[in-house]
Amino acid sequence: MHVPDGFINAPTSAATGVIAAGAIAVSLRGARRELDERTAPLAGLVAAFIFAVQMLNFPVAAGTSGHLLGGALAAILVGPYTGVLCVSVVLLMQGILFADGGLTALGVNITNMAIVTTVVAYALFRGLVKVLPRTRRSVTVASFVAALVSVPAAALAFTVMYAIGGTTDVSIGKVATAMVGVHVLIGIGEAAITALTVGSVIAVRPDLVYGARGLTHKLKLRVNGELVDAPQAEPEPAPVAARTSHRKVWAAGLAASLVLAGFVSFYASADPDGLEKVAADHGIDKRAEEHAVADSPLADYGVEDVDDARLSGGLAGVIGVGVTVVAGSAVFWAVRRRRSDSTSPSDTTDTTDTTPSTSTTSV
Amino acid sequence: MGAGHAHKLYRHGHSPVHGLPPHTKLAAVFAFVVVVVSTPREAMWAFGVYAVLLGAVAYVARVPAGFLLRRLLIEVPFVAFAVLMPFVAEGERVDVLGMSLSVNGLWGAWNVLAKGTLGVAASVLLAATTELRELLLGLQRLRLPPLLVQIASFMIRYGDVITDEMRRMRIARESRGFEAKGVRHWGVLAKSAGALFIRSYERGERVHLAMISRGYAGSMPVIDEVTASRAQWTYALALPCAALAVCLLGWAL
Numbered sequence: 001m002h003v004p005d006g007f008i009n010a011p012t013s014a015a016t017g018v019i020a021a022g023a024i025a026v027s028l029r030g031a032r033r034e035l036d037e038r039t040a041p042l043a044g045l046v047a048a049f050i051f052a053v054q055m056l057n058f059p060v061a062a063g064t065s066g067h068l069l070g071g072a073l074a075a076i077l078v079g080p081y082t083g084v085l086c087v088s089v090v091l092l093m094q095g096i097l098f099a100d101g102g103l104t105a106l107g108v109n110i111t112n113m114a115i116v117t118t119v120v121a122y123a124l125f126r127g128l129v130k131v132l133p134r135t136r137r138s139v140t141v142a143s144f145v146a147a148l149v150s151v152p153a154a155a156l157a158f159t160v161m162y163a164i165g166g167t168t169d170v171s172i173g174k175v176a177t178a179m180v181g182v183h184v185l186i187g188i189g190e191a192a193i194t195a196l197t198v199g200s201v202i203a204v205r206p207d208l209v210y211g212a213r214g215l216t217h218k219l220k221l222r223v224n225g226e227l228v229d230a231p232q233a234e235p236e237p238a239p240v241a242a243r244t245s246h247r248k249v250w251a252a253g254l255a256a257s258l259v260l261a262g263f264v265s266f267y268a269s270a271d272p273d274g275l276e277k278v279a280a281d282h283g284i285d286k287r288a289e290e291h292a293v294a295d296s297p298l299a300d301y302g303v304e305d306v307d308d309a310r311l312s313g314g315l316a317g318v319i320g321v322g323v324t325v326v327a328g329s330a331v332f333w334a335v336r337r338r339r340s341d342s343t344s345p346s347d348t349t350d351t352t353d354t355t356p357s358t359s360t361t362s363v
Numbered sequence: 001m002g003a004g005h006a007h008k009l010y011r012h013g014h015s016p017v018h019g020l021p022p023h024t025k026l027a028a029v030f031a032f033v034v035v036v037v038s039t040p041r042e043a044m045w046a047f048g049v050y051a052v053l054l055g056a057v058a059y060v061a062r063v064p065a066g067f068l069l070r071r072l073l074i075e076v077p078f079v080a081f082a083v084l085m086p087f088v089a090e091g092e093r094v095d096v097l098g099m100s101l102s103v104n105g106l107w108g109a110w111n112v113l114a115k116g117t118l119g120v121a122a123s124v125l126l127a128a129t130t131e132l133r134e135l136l137l138g139l140q141r142l143r144l145p146p147l148l149v150q151i152a153s154f155m156i157r158y159g160d161v162i163t164d165e166m167r168r169m170r171i172a173r174e175s176r177g178f179e180a181k182g183v184r185h186w187g188v189l190a191k192s193a194g195a196l197f198i199r200s201y202e203r204g205e206r207v208h209l210a211m212i213s214r215g216y217a218g219s220m221p222v223i224d225e226v227t228a229s230r231a232q233w234t235y236a237l238a239l240p241c242a243a244l245a246v247c248l249l250g251w252a253l
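So the sequence lines, in the order shown, correspond to chains A and B. Using the UniProt record's numbering, the letters of the first sequence correspond one by one to residues 1 to 363. Using the UniProt record's numbering, the letters of the second sequence correspond one by one to residues 1 to 253.
Dropping the structure here:
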């Protein structure tokens, strides 16, 4: 998704550049809080980690393979501010050194791949962790969902930018359908790997996972066969009653943000099409035959019985979110069941090349 | 940690372009790309002139054409995308070789191809003539926040270390018969990523401690401060200025 030069026009690139600069300025302040004094070396090493992890190809189906984007992973492992910084630095270096992504499109790329993915993933992750029971497993679940949504969200953000400043008038419905459709698939891979990675880190060094802070259980001592609270060395965390009341607030907020996201995507994709109505009218017949060929259910759903360009564009977005949730939960259950059935083969292979403690602790 | 860490894209040399202060080069490349992007796509000749300008820079920098062209291959995914454009875009259509193509899509494809290629070529030239350390110093001179520059420099320095770490893990996996064939093996890959994260993070903590014990107090000392003379600025900015003239002509004609 590295956007090259000339893909988005100059004013939009400049505007996204300003957005990116602002977000980075905020992140620079926030990162100091997340990493204490160790910002520069640690964030640098985490950036190097993301850089390396983007080279980790995972096989998707016969012959094809994808690679991680890493935004959600960074946000959950080291916190949102540091995550934004690290991914931005990776993108900056990719742009300058490897010519991967245009220099003028740097703002677009950072906004899409560093800011949108990280912020969406972290907001969702935080919300889910608050709503779900306080266990390690729910951290894994939350990171799965967060990563799953973050990738199509970045695709949607790209579509919005394309709608505002795209240099070719491919209809927005088409761009949205293609981008979101493809990225839902990528998102599933990203989500599975992110969740598994977070799970494996949490099994070994739960203290390193930023998103799992506050999940530590109270230290208990076994005295004469029964568990007794160890004497407190530090002040109590928030009382349980307060937390359950927060949980409702978080659940409501999560639902509201999902609904909002649906509506925003609808309007965002509907608006420019209104401007290009003539162009859209030309394209409708073409579009129908194209989607009959496409075998993605999303593509069919998006435009099959809706020939109004505005509606279909919005629908594609909303359906994208819906499919995301359904597919996400299905894959999650499948993956988890398989993991609980047979963790042994992967574990034995793993023993050799990770720290020895990985093999003794199962997720 | 300075000398041995030249990146693979860098071509050692002593040309006038190599000798320019890094921040002038960065500014020049950036200005050039901005000018290219804001050129109207209908002015086809302008892009030809841009290419000639870049060719001249490559000649002065003694970067061989083969090297430049090979590096341009990074663009291939977008070429594929650009080729699709004439088929999916809307508006007036023309028949080319029996295929109905959108005029607008053809222009769009040309637009992305020309501007993208020129942008990539400019970045490749920059990376080929500027050392990493210089590049980071240049970014700092251009008022990028020092913290960001430090993060970038750590990333660059340890990028190879971390990548090697990952390579060793891959070799360890493969020498035990592992081959990632499908979804079932995601768990193994993810655990590798997890282990890699822990190792990177712990290395970061060690590096931080080592730095503190050597007197690090939040900012890196800059010992090789570079300044650019007026002549050097003029020299570096000749490229974007020439491009700007072409661009203005492109708008005027």
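Think of the CB as a built atom: it goes at the ideal place given N, C-alpha and C, for glycine as much as any other residue. Just so we're clear, the structure is a prediction, and the values are computed from it rather than from any experiment.
Per DSSP, residue i is paired with what?
i, result
"residue 223 of chain A", "A:226"
"residue 8 of chain A", "A:166"
"residue 67 of chain A", "A:57"
"residue 69 of chain B", "According to DSSP, residue 69 of chain B bridges with nothing at all."
Comparing C-alpha positions only, which one of the options sits nearest to residue i?
i, options, result
"residue 186 of chain B", "A:193, A:183 and A:87", "A:193"
"residue 45 of chain B", "B:110, B:102, B:149 and B:151", "B:110"
"residue 62 of chain B", "B:14, B:175, B:117 and B:179", "B:14"
"residue 97 of chain A", "B:34, B:16, B:180 and B:11", "B:11"
"residue 157 of chain A", "A:53, A:177 and A:95", "A:177"
"residue 228 of chain B", "B:141, B:170 and B:162", "B:141"
"residue 165 of chain A", "A:204, A:3 and A:12", "A:12"
"residue 167 of chain B", "A:7, A:55, A:15 and A:59", "A:55"
"residue 132 of chain B", "B:112, B:116, B:158 and B:117", "B:158"
"residue 50 of chain A", "B:233, B:154 and B:213", "B:154"
"residue 43 of chain A", "B:32, B:147 and B:241", "B:147"
"residue 119 of chain A", "A:153, A:142, A:140 and A:93", "A:153"
"residue 54 of chain B", "B:239, B:250 and B:247", "B:239"
"residue 386 of chain A", "B:181, B:100 and B:120", "Because chain A is modelled from 1 through 363, residue 386 of chain A falls outside the range shown and cannot be assessed."
"residue 364 of chain A", "B:251, B:236 and B:205", "Because chain A in this structure spans residues 1 to 363, residue 364 of chain A falls outside the shown range and cannot be described."
"residue 161 of chain B", "A:181, A:6, A:47 and A:95", "A:47"
"residue 57 of chain B", "B:80, B:126 and B:149", "B:126"
"residue 112 of chain A", "A:124, A:137, A:151 and A:123", "A:151"
"residue 152 of chain B", "B:163, B:139 and B:164", "B:139"
So with Cβ pairs under 8 Å, would you call residue i a contact of chain B?
i, result
"residue 46 of chain A", "yes"
"residue 6 of chain A", "yes"
"residue 95 of chain A", "yes"
"residue 80 of chain A", "no"
"residue 177 of chain A", "no"
"residue 100 of chain A", "yes"
"residue 39 of chain A", "yes"
"residue 406 of chain A", "Because residue 406 of chain A is not part of the residues shown, which for chain A are 1 to 363, the question remains open."
"residue 10 of chain A", "yes"
"residue 277 of chain A", "Any reading at residue 277 of chain A needs caution, since the residue's pLDDT is 39, under 50, leaving its predicted position unreliable; the model's value is listed next. Output row for residue 277 of chain A: interface = no."
"residue 53 of chain A", "yes"
"residue 90 of chain A", "yes"
Is there a Cβ from chain A that is less than 8 Å from the Cβ of residue i?
i, result
"residue 166 of chain B", "yes"
"residue 55 of chain B", "no"
"residue 25 of chain B", "no"
"residue 2 of chain B", "Any reading at residue 2 of chain B needs caution, since the residue's pLDDT is 42, under 50, leaving its predicted position unreliable; the model's value is listed next. Taking Cβ atoms only, chain A never reaches closer than 8 Å to residue 2 of chain B, which makes this a no."
"residue 71 of chain B", "yes"
"residue 9 of chain B", "yes"
"residue 64 of chain B", "no"
Residues from the segment 192-219 of chain A in contact with chain B, defined by Cβ distance under 7 Å: 192, 193, 196, 197, 200, 201, 204, 205 and 208
Name, going along the chain, the residues of the segment 178-191 of chain B whose beta-carbon falls closer than 9 Å to a beta-carbon of chain A. 178, 180, 181, 182, 183, 184, 185, 186, 187, 188, 189, 190 and 191
Do the segment 170-184 of chain A and the segment 124-135 of chain A meet, that is, are 3 or more Cβ pairs less than 8 Å apart? no
At least three beta-carbon pairs within less than 8 Å, the segment 101-115 of chain B to the segment 24-43 of chain B: yes
Contact between the segment 19-36 of chain B and the segment 97-117 of chain A: three or more CB pairs below 8 Å? With the cut-off at 8 Å, the segment 19-36 of chain B and the segment 97-117 of chain A touch.
Would the segment 85-94 of chain A and the segment 116-130 of chain B be scored as touching if the rule is three or more Cβ pairs under 8 Å? no
Give the residues from the segment 209-221 of chain B that approach chain A closer than 7 Å (Cβ to any Cβ), ordered along the chain. 211
Could you tell me whether the segment 74-83 of chain A touches the segment 203-210 of chain A, using the rule of 3 or more Cβ pairs below 8 Å? yes
Are three or more beta carbon pairs between the segment 230-237 of chain B and the segment 173-187 of chain B nearer than 8 Å? no
The segment 219-228 of chain A touching the segment 205-220 of chain B, judged by at least three CB pairs closer than 8 Å: no
Of all the residues that make up the segment 137-149 of chain B, which are near chain A by a beta-carbon distance shorter than 7 Å? 145, 147 and 148
Can you give me, in chain order, the residues of the segment 237-249 of chain B that have a beta carbon less than 9 Å from any beta carbon in chain A? Residues: none.
If contact means a Cβ-Cβ distance below 9 Å, which residues of the segment 109-129 of chain B contact chain A? 109, 111, 112, 113, 114, 115, 116, 117, 118, 119, 120, 121, 122, 123, 124, 126 and 127
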